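*Asks:* Structure provided below as C-alpha cells; questions to follow.
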Ligand code: ASP
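In the working numbering, the protein residues as written are 8 to 280.
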C-alpha cells in the first residue's frame, strides 16, 4: 500500500472516530468494517439489596457464555490497591464459573489487552482511571479491539464513564489531570452513573444531580446524558442499545424535559441522534 493510500485510510479512521456510530461504517480502500461493539455498562458494582455485582450476574454471564468466554481481564486502575481490588472482584465472579486475572499480572498492559477476549474495568476515581488508561496507551487500543475485534467490554461506574464519549458527567473529584476528558467513545453520548434524582438528606442545599447535568448540557461541547440509576445497565450489542438490570435510566437532552426510561426499553435511537 502506498503512503498516500495508507494516509487516506488513517484519516478515514480518524474521521470515523469523530462521527463513529453516526454512520457506523468505516470504509477502507479494500474493506468495509462495521463497528461491532458488545458492552455492558453498569451504573455501579454495588446495588442496594444485592451482593457485589449480583444484580448484573445474569447479563454478564449471558454475554460471556454466548461468546464462549471463560476468562476476564480486570482493570483495577480506578483504585490504588490493584491486588486487593482484583481479589474483591474475583471473590464475586469466580463462583459464577469465570477466571478473573488482573491486568497487572501480565508483563505489559498492551499485551494483556491484545490477548483478552473480555475486560472488566471497575469503579473508583474516574480521573485517575482515565489518566492511567492514557499513560498505558490503552484508550485507542481498547476502542479498536471492542469496536472491530470482538473484545467484550464490561464497565462499572468509573469503568462505565470511560467507555462513553467523555468523562464530563462523572460524579468524581478531579484528583489528577488526565490529558483530556475525551474517553474511549464506545457510545457517542455521556453517562452519569449512580444517578439519583434528589439526595435523601432533607437539609442538603448543594446542587442536585439534575442541576449538575443541566450545567453540562449548557456547554457547546455537550451531547445528551443518560443517567443510570443504581442497578441499571446499558447493554450495547452492535446497533442495539437496551436498558437492563434492576433499575431504569433517565435521559437528559438540551432544552428538553428529562425522560424516564424503564428496564427493557430499546434506546438504540441514541446512536443516531
Ligand atoms: N466514583 C464512581 C465510581 O466509580 C464514579 C462516578 O460516580 O462518577 O463508583
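All C-beta atoms, glycine included, are put in the ideal place defined by N, C-alpha and C.
Computed from a predicted model, the values in this text were never measured in an experiment.
#1: Less than 8 Å between the CB atoms is what I'm expecting for residue 129 and residue 163, so what's the real figure, rounded?
#2: What is the DSSP secondary structure of residue 69, counted as helix, strand or coil?
#3: Can you tell me which of the three DSSP states residue 45 falls into?
#4: Using the three-state DSSP reduction, which class does residue 240 fall into: helix, strand or coil?
#5: So for residue 285, helix, strand or coil by DSSP?
#6: Between which two residues does the alpha helix (DSSP H) holding residue 57 run?
#7: If we ignore side chains and look at the alpha-carbon of each, how far apart do residue 167 and residue 210 end up?
#8: Can you give me the start and stop residues for the beta strand (DSSP E) that residue 163 sits inside?
#9: Among 199, 228, 227, which has the Cα closest to the Cα of residue 217?
#10: For residue 144, does the three-state DSSP call read helix, strand or coil?
#11: Could I get the ranges of all uninterrupted alpha helix (DSSP H) runs contained in the region 71-127, with 4 residues as the minimum, in chain order?
*Replies:* The short version:
#1: 6 Å
#2: helix
#3: strand
#4: strand
#5: Nothing can be reported for residue 285: it is not among the residues displayed for the chain, which extend from 8 to 280.
#6: From DSSP, residue 57 is part of no alpha helix (DSSP H); its letter is neither H nor E.
#7: 31 Å
#8: 159-163
#9: 199
#10: coil
#11: 89-100, 116-122
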